[in-house]
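J.:
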Amino acid sequence: MKITGATENNLKNLTVEVPLRRMVCLTGVSGSGKSTLMHDIIYRAVANKLHHVDKRIGAHREIKGIEYIDKIIQIDQNPIGRTPRSNPATYTKAYDAIRDLFTMTPEARIRGYKKGRFSFNRPGGRCENCEGKGVLNIEMHFLPSVEIVCDVCNGKRFNAETLQVHYAGKSIADIL
1 MKITGATENN LKNLTVEVPL RRMVCLTGVS GSGKSTLMHD IIYRAVANKL HHVDKRIGAH
61 REIKGIEYID KIIQIDQNPI GRTPRSNPAT YTKAYDAIRD LFTMTPEARI RGYKKGRFSF
121 NRPGGRCENC EGKGVLNIEM HFLPSVEIVC DVCNGKRFNA ETLQVHYAGK SIADIL
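Quick note: the sequence shown, position 56, residue 56 per the numbering used here, numbers continuous.
1. Please report the straight-line C-alpha distance between G31 and A45, rounded to a whole angstrom.
2. Taking DSSP as the reference, what is the three-state secondary structure of L176?
3. Would you call the stretch 24-39 in contact with the stretch 6-14, where contact means no fewer than 3 C-beta pairs closer than 8 Å?
4. I think R125 touches F118, with their Cβ atoms under 8 Å apart; what is that distance to the nearest whole Å?
5. According to DSSP, is T105 part of a helix, a strand, or is it coil?
6. Can you tell me which of M1, P123, K93, I98 puts its alpha carbon nearest to the alpha carbon of H166?
7. Can you tell me which of H39, M1, M140 puts its alpha carbon nearest to the alpha carbon of I63?
8. Do the CB positions of G134 and R122 come within less than 9 Å of each other?
9. Taking only the alpha-carbon atoms, compute the straight-line gap between D100 and K115 and give it to the nearest angstrom.
10. When you compare each of E161, I75, L11, T15 to A108 by their alpha carbons, which one comes out closest?
11. Can you tell me where the beta strand (DSSP E) holding T36 begins and where it ends?
12. Straight-line CA distance for L50 to V146?
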C-alpha cells in the first residue's frame, strides 16, 4: 500500500510504502506522526472502505492498494485481552500457532511437553516465581508499589526446562 502526500498534524508531505501481508513495525520519536499516519490516515481510510462508514481521514493526497486489504484491526496503547499478560501474539491468536510449533519439536516430544507447557498463563512451563509475568510487584508500604524484573527467569516468563526447547534456534521467550 502506498500513501502519498500525508500532511496531517506533524506529517510534512510524507510518502510511504507499507508492505501488505507482513508484520510491520512503525517507529519514530515522540511527536513524529506515527499515530497520525496509522490511526488518522491508514486505519480510517481502510475502515471507511471495509465498513462503509465516513470517518474523517487525515490529510493526504492519495492512497493506493487499499483494495488488497480485507480486514483491519486497530490496536492502541490500551491493554488488550482479558488479562494484563495479553500481548499482540496472544490477542491475534498467533501465539497458538507458535505454541504448536514448539510442541512439534523433537525436544518437546521427547520430554512429553504439550501446548500448555508453552503458556505463561498456566503452571508447568511458566516461571512460578513470577507466575509467568516476568516481573515481581514489590509492596512498598506507604509508597507506590515497584515492579522489578524476576530474578529467577530474568523477565523471560518461563522456567529453565521450558527454555531449553528451541525452534529454529530460538526459545519460546526469544520468539515473544
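For every residue, glycine included, the Cβ atom is placed at its ideal position computed from N, Cα and C.
T.: In short, the structure shows the following:
1. Within the sequence shown, numbered from 1, the residue matching residue 31 stands at position 31. Within the sequence shown, numbered from 1, the residue matching residue 45 stands at position 45. Computed Cα separation, rounded: 21 Å.
2. What you label residue 176 is simply residue 176 of the sequence shown in a count that begins at 1. Three-state result, L176: coil.
3. yes
4. The sequence position of residue 125 within the sequence shown is 125, counting from 1. The sequence position of residue 118 within the sequence shown is 118, counting from 1. Per the sequence presented here, residue 125 reads as Gly, with Arg not at that position. Contact flag correct, Cβ pair sits at about 6 Å.
5. Here residue 105 refers to the residue found at position 105 of the sequence shown. T105 falls in the coil class under three-state DSSP.
6. Along the sequence shown, one-based indexing puts residue 166 at 166. Out of M1, P123, K93, I98, I98 has the C-alpha closest to the C-alpha of H166.
7. As a first step, residue 63 must be located in the sequence shown, where it is residue number 63. Per the Cα distances, M1.
8. Within the sequence shown, the letter at position 134 stands for residue 134. Within the sequence shown, the letter at position 122 stands for residue 122. The answer is no: Cβ separation not under 9 Å.
9. Residue 100 sits at position 100 when you count from the first residue of the sequence shown. Residue 115 sits at position 115 when you count from the first residue of the sequence shown. Spanning the two alpha carbons is a distance of roughly 6 Å.
10. Taking the sequence shown and counting its residues from 1, the one referred to as residue 108 is at position 108. Here the closest residue by C-alpha is E161.
11. For the purposes of this step, residue 36 is taken as the residue at position 36 of the sequence shown. Here T36 belongs to no beta strand (DSSP E), and DSSP marks it neither H nor E.
12. Start at 1 with the first residue of the sequence shown, and residue 50 comes out as number 50. Start at 1 with the first residue of the sequence shown, and residue 146 comes out as number 146. Roughly 44 Å between the two C-alpha positions.
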